[in-house]
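K.L.:
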Amino acid sequence: MFPLSFKQAPSSPGAGKKVRRDTVAGPEPLTDRRREGVAPSQPPGMEPEDPPSPRWLDLVLAGLALLSLAQAYGFRKCAQYELDVRHVICIHKSIANLSEAIGELPAYTTHLNLSQNLLPALPSQGFAHLPGLEDLRLEWNHISDIRPGAFLGLGNLTLLNLVENKLVTVNDSSFLGLSRLRILLLNHNFIVTVQERAFAPTLDLRLLNLSRNSIADPPPVVAALRRLRRLEVLDLSRNKISSLRGCSGTLPALAELRLCDNLLTALDFSSWRPPNLTSLDVSRNLHLHEVRLDGLPRLTSLNLSTTEVDLERLGGRAPRGLRALDLSFTVGNLSSVCGLLERLPRLESLGFRGNGVMARDVRSLANCSGPLRSLDLGGSSTLTGLVDAELDAVPGLEWLSLKGSQLSQVSNASWGALRNLTVLDLSLNRLKAFPDWTFGPLGALRFLDLSRNPLVEVAGAAFSGLGALRELHLAGCWVVAIRSSSFAPFPNLEVLNLRENNIRTLKKKTFQALGKLHLLTLSQNRLGAIEQGAFRGLHNLRHLDLAYNILTGFHKGVFRDLEGLEVLDLSFNKITYETNRTESPFTGLPALRRLNLEGQLNGIQVVPCNFFNGLGGLRELLLGKNSAVFLDSNQLDPLTNLTSLDISGTRAGERGLFLSLGLFRPLGRLVRLRLENNNLESLGPGMFSGLKSLRILSLRFNSLKVVDRDHVRDLPALRFLDLFGNRLDCTCGNLWFKNWAVGNASVQVPYLGSYACSQPDTNSLLVDFDDPVCNYELGKVYFLCSSTLVLATLAGTLLSSKLSWWLRYGLYVVRTWTEARWKREDRPFTYDAFVSFAADDERWVYEELVPALERDGRPAFRLCLHHRDFEPGADIFENIQAAVDTSRKTLCVVSRHYLRSEWCRLEVQLASVKMVYDHRDVVILIFLEDVPTYRLSGFHRLRKLVKKQTFITWPEDPGERPLFWARIRNALANRTVGDEGDEEDKQLIVAT
16 MFPLSFKQAP SSPGAGKKVR RDTVAGPEPL TDRRREGVAP SQPPGMEPED PPSPRWLDLV
76 LAGLALLSLA QAYGFRKCAQ YELDVRHVIC IHKSIANLSE AIGELPAYTT HLNLSQNLLP
136 ALPSQGFAHL PGLEDLRLEW NHISDIRPGA FLGLGNLTLL NLVENKLVTV NDSSFLGLSR
196 LRILLLNHNF IVTVQERAFA PTLDLRLLNL SRNSIADPPP VVAALRRLRR LEVLDLSRNK
256 ISSLRGCSGT LPALAELRLC DNLLTALDFS SWRPPNLTSL DVSRNLHLHE VRLDGLPRLT
316 SLNLSTTEVD LERLGGRAPR GLRALDLSFT VGNLSSVCGL LERLPRLESL GFRGNGVMAR
376 DVRSLANCSG PLRSLDLGGS STLTGLVDAE LDAVPGLEWL SLKGSQLSQV SNASWGALRN
436 LTVLDLSLNR LKAFPDWTFG PLGALRFLDL SRNPLVEVAG AAFSGLGALR ELHLAGCWVV
496 AIRSSSFAPF PNLEVLNLRE NNIRTLKKKT FQALGKLHLL TLSQNRLGAI EQGAFRGLHN
556 LRHLDLAYNI LTGFHKGVFR DLEGLEVLDL SFNKITYETN RTESPFTGLP ALRRLNLEGQ
616 LNGIQVVPCN FFNGLGGLRE LLLGKNSAVF LDSNQLDPLT NLTSLDISGT RAGERGLFLS
676 LGLFRPLGRL VRLRLENNNL ESLGPGMFSG LKSLRILSLR FNSLKVVDRD HVRDLPALRF
736 LDLFGNRLDC TCGNLWFKNW AVGNASVQVP YLGSYACSQP DTNSLLVDFD DPVCNYELGK
796 VYFLCSSTLV LATLAGTLLS SKLSWWLRYG LYVVRTWTEA RWKREDRPFT YDAFVSFAAD
856 DERWVYEELV PALERDGRPA FRLCLHHRDF EPGADIFENI QAAVDTSRKT LCVVSRHYLR
916 SEWCRLEVQL ASVKMVYDHR DVVILIFLED VPTYRLSGFH RLRKLVKKQT FITWPEDPGE
976 RPLFWARIRN ALANRTVGDE GDEEDKQLIV AT
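The working numbering runs 15 ahead of the 1-based position in the sequence shown.
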């Protein structure tokens, strides 16, 4: 059993550490996603979506969207984790203005990491738009002020990390709104004062870390914690606390209190009595003159390491229920230690590191310590050997650490009585060899660590009796060779760690006795050869680590015995192929799921076409960090179930990584593809065709200038496209990408708002690129459309002003022709004749014609005259057509004035149409004067009528006029005409 009380409690999450290269890919978290602005209010759906087509309307809408990046799915200084968009990472982005950086984050965000930035303060309600936030990390900023209500709206927050900032005072209003907060990390600040109601809003707090601050007066801090009835862990380490006097209150749930690395000289819990405190750490205080633990009745773990304390006085006041005690690196003689231990009858774990014990002291300590189950004697420079039953007095021991001592000799007599020991740590000693049966008495041992000892070989006889062993660690020894007999005593071994040795060759059947082994680590040796059958017997092996060796190649079927292997790490070897003709070394690995071939010394060079044969079940392949990788179009064909492929960091020189077209086509199940840092300048057409399941594509830190629209179209399931670190051209070729990335709510383009243009001498960003510069295609369309519209308008205006009469004339001619053709049935007439005359002949009509036909003589005819009978307000064309249609005849009073009138022309034409299709002689011509034939040429229809029919001329002689009126009356009485010439008339009508 490992001791729980001796080890320094692990530092709080993120405390005191620079952030690693994010768990997401990229210098800052690549991961995490689609561009500065607002992502959708709900996480993007899983349905694949094609990129929008380049229709002009789409471009216009995208252009409008650029007016405000609030439509964008991607952010200038933040990125969503590629596997969970609810996690947002904004690490190391020089953020000084909080609202600008996170103002557009989606409301569904649950985890936000703003570490390593330049935030000077937290504004009021700065996170109110993120009500779903559960984890907020603000470590390594410059925060010196938390404004009142800074965290209002974060009712779901459970973890708040403010490590490594510049806070001096914790105010009453600092944590308003954090009703569900459980973990609060305020370590590594400059806190001196905590106001009384500072933690009043955080009633559900379970862990509070105030370590590494400048707190010298603890009573106000303890008073501020009175309302935290669920607080379980309080860390006040590394402050300036010298005493607990004046502290009061109970903190009923407090179970662990850390006061290490302070200036404590007295430890008095007489007034402050946490009733359920079980663990107290006061290590690394200089000198405790007074220790009073009477008020801690349930204390079970006490850490006094590296603290000078009067053990005799402590013995009289130590809680008798103490079960774990750490006295490592304390100053005191062994007799006082024994005196203390004798007063602790329930003690189970004892830490006694670095106290300079010798073998005889171990025996004495064991004799006075009671029924120990865990003992740490590591770090004793005077302990050189255990050979004489030194530990027989603690037969119930289960956990024993002798790590970091100077042991050079041990024997089975040392632990002959330790029948219950399950964990033994002998690492970092000087053990070179073991006699036979050294560990024989330890039949219950499950864990043995011999790392960092100068062992040259693993002699199986020394380990006889360890049939129950599950883990054996031999890392960092001097082992040169291993044989099949080395591991014969370990039939139940599951983990074997041989990393950092000098093993050069794996012999045949070396591991045949390890039938239950799950994990074998052989990394960082000098392995250059693996014999056929070396892995025989390892049918349960799941993980094989051969990284950082000097392997150059493999025999056919070298891994054939590993039918259950799931993870194979061959990274950072010297595997190289110069020919495409070789047998696959991976046959016989049907269960393999992850293969790592990164970082071969000279690059893999030519990957054989059948190199991956037999890996149909492979899910993840890593080929990155190779200086040269040549992949033709068919090497990946066997990997039909591959879901993750990484070919990043090839350092391929100026030419960049070469990827043949069709290389990825067989990978229909691929979900994640990383091609980062390869100096890629372009991607061939159809490079990603066939990748119908790809959701994550990372092309960051390449030399791409233009993004091809077709590549995106080939990826219907794409949800995360990372092009960070490419200096894209701010040209029209990338306009589509900018508009698509800003407007597409289903694909995240991380840090889109910070993509810089490639043009020299400019600091402009891609998202600021001016759209109108590129709308020349639309400009052509707009120009043609507008020009056509203008010309049509001009033409219409011209026609309307110049030819409107003719247009209407033609319309009514056609209308009359149509009605005459389809409505030929007999109709009743209103008038006997419609009189068509010019305005200049109106006097003759009213003085001569009308009286002669309507009043003088019988029968009296009813005439239709313009001014008298036309409907007032109606269109003139409508009136003319109605007059012709409702009159039995049309009298045309022809004169030179008549021939100049366009209205008269229309009246003749309409009457002619009626004459042809009604088969009636409906036109009577009256000539008031002689008109030469050539004057009739413009009146084509009238000229035709003159040639075909008899016309009547107004006589100059008054004596002839009675005959004239008789002839007119006779003509009005004639109702029909023959059919002769009808077809010709129809043609004339059309032509006129």
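Beta carbons: idealized from backbone N, C-alpha and C, even for Gly.
Quantities reported herein were computed from a predicted structural model and do not represent experimental measurements.
What three-state label does DSSP hand glutamine 424 in the structure shown?
P.N.:
strand
K.L.:
As a quick exercise: from Ala988, Arg883, Arg858 and Asp890, pick the residue whose alpha carbon is nearest that of arginine 873.
P.N.:
In terms of Cα proximity to arginine 873, the closest of Ala988, Arg883, Arg858 and Asp890 is Ala988.
K.L.:
Which two residues bound the contiguous alpha helix (DSSP H) that contains glutamate 357?
P.N.:
349 to 357
K.L.:
For glutamate 119, does the count of other Cβ atoms within 10 angstroms reach 16, so buried, or fall short, so exposed?
P.N.:
Residue environment analysis places glutamate 119 among the buried positions, since at least 16 neighbouring C-beta atoms fall within 10 angstroms of its C-beta.
K.L.:
Apply the 10 Å Cβ neighbour rule to tryptophan 755 and answer buried if 16 or more other Cβ atoms are within range, or exposed otherwise.
P.N.:
buried
K.L.:
Among Ile983, Leu460, Val438 and Leu196, which has the Cα closest to the Cα of alanine 1050?
P.N.:
The chain is shown from 16 up to 1007; residue 1050 falls before or after that span and cannot be answered.
K.L.:
Taking contact to mean at least 3 C-beta pairs separated by less than 8 Å, is the region 238 to 252 in contact with the region 272 to 290?
P.N.:
yes
K.L.:
What does histidine 302 pair with, by DSSP beta-bridge criteria?
P.N.:
Glu323
K.L.:
How big is the Cα-Cα spacing for serine 159 and arginine 244?
P.N.:
28 Å
K.L.:
For leucine 906, which option in Glu917, Val923 and Ala897 has the closest C-alpha, if you only look at C-alpha atoms?
P.N.:
Val923
K.L.:
Could you name the residues that DSSP lists as bridge partners for isoleucine 161?
P.N.:
Leu137
K.L.:
Distance check for threonine 594 and phenylalanine 626, CA to CA, integer angstroms please.
P.N.:
11 Å
K.L.:
Indicate whether glycine 369 and glycine 394 have their beta-carbon atoms separated by less than 7 Å.
P.N.:
Their beta carbons are under 7 Å apart, which means glycine 369 touches glycine 394 by this criterion.
K.L.:
So the beta strand (DSSP E) cysteine 383 belongs to, where does it begin and stop?
P.N.:
Per DSSP, cysteine 383 belongs to no beta strand (DSSP E); it is in the alpha helix (DSSP H), 374 to 383.
K.L.:
Do you know how far the Cα of arginine 608 is from the Cα of proline 765?
P.N.:
29 Å
K.L.:
Considering only C-alpha positions, which residue in the set Gly264, Asn300, Gly701 and Asn156 is nearest to serine 109?
P.N.:
Asn156
K.L.:
Just to confirm my understanding: we take glycine 366, look at its own chain, exclude 5 residues before and 5 after, and list those with CB closer than 6 Å. What are they?
P.N.:
Phe21, Asp341, Ser343 and Asp391
K.L.:
Assign tryptophan 493 to one of two classes, buried (16 or more other C-beta atoms within 10 Å of its C-beta) or exposed (fewer than that).
P.N.:
exposed
K.L.:
Could you check what DSSP says for glutamate 43 in three-state terms: helix, strand or coil?
P.N.:
Summary for glutamate 43: the model assigns pLDDT 40, below 50, so the residue's position carries little reliability; its value from the coordinates is reported in the next sentence. Note: glutamate 43 maps to coil in three-state DSSP.
K.L.:
By the DSSP assignment, the beta strand (DSSP E) with glycine 366 in it spans what residues?
P.N.:
364 to 366
K.L.:
Let me know the secondary structure DSSP gives phenylalanine 344 once reduced to three states.
P.N.:
coil
K.L.:
Below 8 Å on the Cβ atoms is my guess for leucine 246 versus leucine 220; work out the distance and round it to an integer in Å.
P.N.:
6 Å
K.L.:
Considering only their Cβ atoms, is the gap separating glutamate 149 from asparagine 128 smaller than 7 Å?
P.N.:
no
K.L.:
Give a yes or no on contact between the region 454 to 466 and the region 402 to 411, applying the rule of three or more CB pairs nearer than 8 Å.
P.N.:
no
K.L.:
Hey, could you find the ends of the alpha helix (DSSP H) aspartate 884 is sitting in?
P.N.:
Under the DSSP assignment, aspartate 884 falls in the alpha helix (DSSP H) whose first and last residues are 881 to 884.
K.L.:
Candidates Asn985, Glu944, Ala986 and Ala981: which alpha carbon is nearest threonine 968's?
P.N.:
Nearest C-alpha to threonine 968 among Asn985, Glu944, Ala986 and Ala981: Glu944.
K.L.:
Could you give the residue range of the alpha helix (DSSP H) that holds aspartate 725?
P.N.:
724 to 728
K.L.:
What are the start and end residues of the alpha helix (DSSP H) that includes isoleucine 256?
P.N.:
That residue, isoleucine 256, is in no alpha helix (DSSP H); it is neither H nor E in DSSP.
K.L.:
Of the residues Trp414, Gln620 and Leu465, which one's Cα is nearest the Cα of glutamine 424?
P.N.:
Leu465
K.L.:
Given a threshold of 16 other Cβ atoms within 10 Å of its Cβ, counted over all protein chains shown, does histidine 302 qualify as buried or as exposed?
P.N.:
Exposed, because fewer than 16 other Cβ atoms sit within 10 Å of the Cβ of histidine 302.
K.L.:
Please identify the residue among Lys418, Lys447, Val377 and Thr397 whose C-alpha is closest to the C-alpha of tryptophan 430.
P.N.:
Val377
K.L.:
Quick one: Cα of arginine 227 to Cα of leucine 417, how far?
P.N.:
31 Å
K.L.:
Quick check on alanine 85: does DSSP put it in helix, strand or coil?
P.N.:
Below a pLDDT of 50, predicted positions are generally treated as unreliable, and alanine 85, at 34, falls in that range; the measurement from the model is reported next regardless. Correct three-state label for alanine 85: helix.
K.L.:
Quick check on the DSSP output: what are the complete alpha helix (DSSP H) runs of length 4 or more inside the region 728 to 768, in order along the chain?
P.N.:
750 to 758
K.L.:
Can you give me the Cβ contacts of asparagine 516 inside the same chain, cut-off strictly under 6 Å, excluding the 5 residues immediately before and after it?
P.N.:
Taking C-beta separations shorter than 6 Å and ignoring five residues to either side along the sequence, the partners of asparagine 516 in its chain run Cys492, Val494 and Asn540, following chain order.
K.L.:
Under the assumption that phenylalanine 966 contacts phenylalanine 942 (Cβ atoms under 8 Å), give the Cβ distance between them as a whole number of angstroms.
P.N.:
6 Å
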